[in-house]
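Enquirer: Next up is a structure, given as structure tokens.
Residue numbers (full-length UniProt numbering): 1 to 148.
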């Protein structure tokens, strides 16, 4: 499958609701291209923790998704991926009604792993950044999601 086709498949997967957790968070694709992905989310009351700022788990999920999507665009044919490591630096609190743009960029991709960088911005202000390693896993015919 060509890179362009993989990118289109990922965008169509968002449109079909293939990612229920991302739907729950309200994440939308912005741009998906070879080695890079950009997604968007508006911070709502449901994303907040005590103190009125976004929960760190929401920020982590957004970074993990951006990193994973960028790696998926360059994954070897016939492979899925999982995050093996995600290191996050929370730089600034994320507030209600901010529109977050998360980007993921592949720094290196091999046959079994990819190393990526992720960033979250509101307007032009950096809120969080991450590095992550993903592992490529061969598709297993007939494997049910519950068996994984």
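Yeah, the Cβ is synthetic: ideal placement off N, Cα and C, and Gly gets one too.
Please identify the residue among 105, 78, 44, 134 whose C-alpha is closest to the C-alpha of residue 118.
Expert: When only C-alpha atoms are compared, the closest one is 105.
Enquirer: Quick check on residue 145: does DSSP put it in helix, strand or coil?
Expert: Bear in mind that the predicted position of residue 145 carries a pLDDT of just 47, short of 50, making it unreliable; the figure below should be weighed with that in mind. Correct three-state label for residue 145: helix.
Enquirer: So, for residue 27: in the same chain, excluding its five sequence neighbours on each side, which residues have a beta-carbon less than 6 Å away from its beta-carbon?
Expert: For residue 27, where only same-chain residues beyond five positions count, the Cβ hits under 6 Å are 39, 41.
Enquirer: When DSSP labels each residue in this structure, what does residue 89 get in the three-state scheme?
Expert: Here residue 89 sits in strand by DSSP.
Enquirer: At the level of alpha carbons, what is the spacing between residue 74 and residue 95?
Expert: Spanning the two alpha carbons is a distance of roughly 33 Å.
Enquirer: Taking 7 Å as the cut-off, does the CB of residue 127 come closer than this to any heavy atom belonging to the ligand HEM?
Expert: Judged by which ligands are present, the structure shown has none, so any question about the ligand HEM falls away.
Enquirer: Indicate the three-state DSSP secondary structure (helix, strand or coil) for residue 37 in the structure shown.
Expert: Residue 37: strand per DSSP, three-state reduction.
Enquirer: Between which residues of its own chain and residue 126 is the CB-CB distance below 7 Å, once the five residues before and five after are set aside?
Expert: Excluding residues within five positions, the ones whose Cβ falls inside 7 Å are 91, 119.
Enquirer: Return the first residue and the last residue of the alpha helix (DSSP H) that residue 138 is part of.
Expert: Per DSSP, residue 138 belongs to no alpha helix (DSSP H); it is in the beta strand (DSSP E), 125 to 138.
Enquirer: State the start and end residues of the unbroken beta strand (DSSP E) segment that holds residue 77.
Expert: First-last for residue 77: undefined, no H or E at that position.
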